[in-house]
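The structure under discussion appears below in the form of structure tokens.
Numbering (UniProt numbering), first residue to last: 1 to 232.
This is the structure we're talking about:
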């Protein structure tokens, strides 16, 4: 039985991986929400799995990558090779179901993004769930943006970009800034955002068999966290 649509045009390796993601019987279960030790172990495991591909991206694009703290929050400051400051900056919020990945393990996204756009990118290492709570995480991203403003970056020259759960986080951050009258960045980019966790949208039914990564059962509310699309 096929649990997800697998295109005939992809490689055999991609087909095998999509089949694995699409079949819940073939996947290891995630820890329970209150098992912090279990989540820490799963996080370390996935970071290790993506180490090689991220190193390859860094070696290919050769950005300058500097760990920093902005507003008390850990970030990676990523500058493309030959970068020249034009006053514009991109704040990146990574995906991973709010529970996985980091600024380091998503360099395969930010390194080519910095190269292609010529932009300096600030990749936020926000606190992951279950340790991190929603209000805390959105406040962390806002603190980073306010610290950048203190460094003379104007909101009119700032954009926020995120994919998967990071796309949802990007939207939440910008809406919170609006509600608190803190101003808003020039743009927000949401790549395949995991924005509806209530499972009430029409596409949770109409596209149920089309998503190999986000597997769920509406009746039992068993949701597989949204992973990064490029990592498949």
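Think of the CB as a built atom: it goes at the ideal place given N, C-alpha and C, for glycine as much as any other residue.
C-alpha gap between residue 55 and residue 66, whole angstroms: As the crow flies, the alpha-carbon of residue 55 is around 15 Å from that of residue 66.
Buried versus exposed, by CB contacts within 10 Å (16 or more), residue 163: Residue 163 comes out buried.
Residue closest to residue 37, alpha-carbon to alpha-carbon, out of 130, 139 and 207: The candidate whose alpha carbon is nearest that of residue 37 is 130.
Any non-hydrogen atom of the ligand SAH within 8 Å of residue 91 CB: The ligand SAH is absent from the structure shown, which contains no ligand whatsoever.
Same chain, Cβ closer than 6 Å to residue 101, five either side skipped, listed in chain order: Counting only Cβ-Cβ distances below 6 Å, and skipping sequence neighbours, we find 94.
Status (buried if at least 16 other CB within 10 Å, exposed otherwise) for residue 33: In this structure residue 33 is exposed. Its beta-carbon is surrounded by fewer than 16 other beta-carbon atoms within 10 angstroms.
DSSP beta-bridge partners of residue 65: Assignment of beta-bridge partners to residue 65 by DSSP yields 78.
Helix, strand or coil at residue 199 [DSSP, three-state]: Residue state, collapsed to three classes: coil.
Residue from 63, 109 and 195 whose Cα sits closest to the Cα of residue 50: The shortest C-alpha separation from residue 50 is found at 109.
Spatial neighbours of residue 135 in its chain, beta-carbon cut-off 7 Å, leaving aside the 5 residues before and after: Answer for residue 135: no residue qualifies.
Bridge partner(s) assigned by DSSP for residue 93: Residue 93 is bridged to 124 and 162.
Status (buried if at least 16 other CB within 10 Å, exposed otherwise) for residue 115: Its Cβ being crowded by 16 or more others within 10 Å, residue 115 is buried.
Spatial distance of residue 52 from residue 28 (CA atoms): A direct Cα-Cα distance of roughly 22 Å separates residue 52 from residue 28.
Short Cβ contact (9 Å threshold) for residue 61 with residue 80: The criterion of a C-beta distance shorter than 9 Å is satisfied by residue 61 and residue 80.
Span separating the alpha-carbon of residue 138 from that of residue 126: If I take the Cα positions, the gap works out to 9 Å.
Neighbour-count burial assignment, residue 104, 16 or more Cβ in a 10 Å radius: By the 10 Å Cβ count, residue 104 comes out buried.
Rounded separation between residue 192 and residue 150 - CA only: Taking the straight line from one Cα to the other gives about 31 Å.
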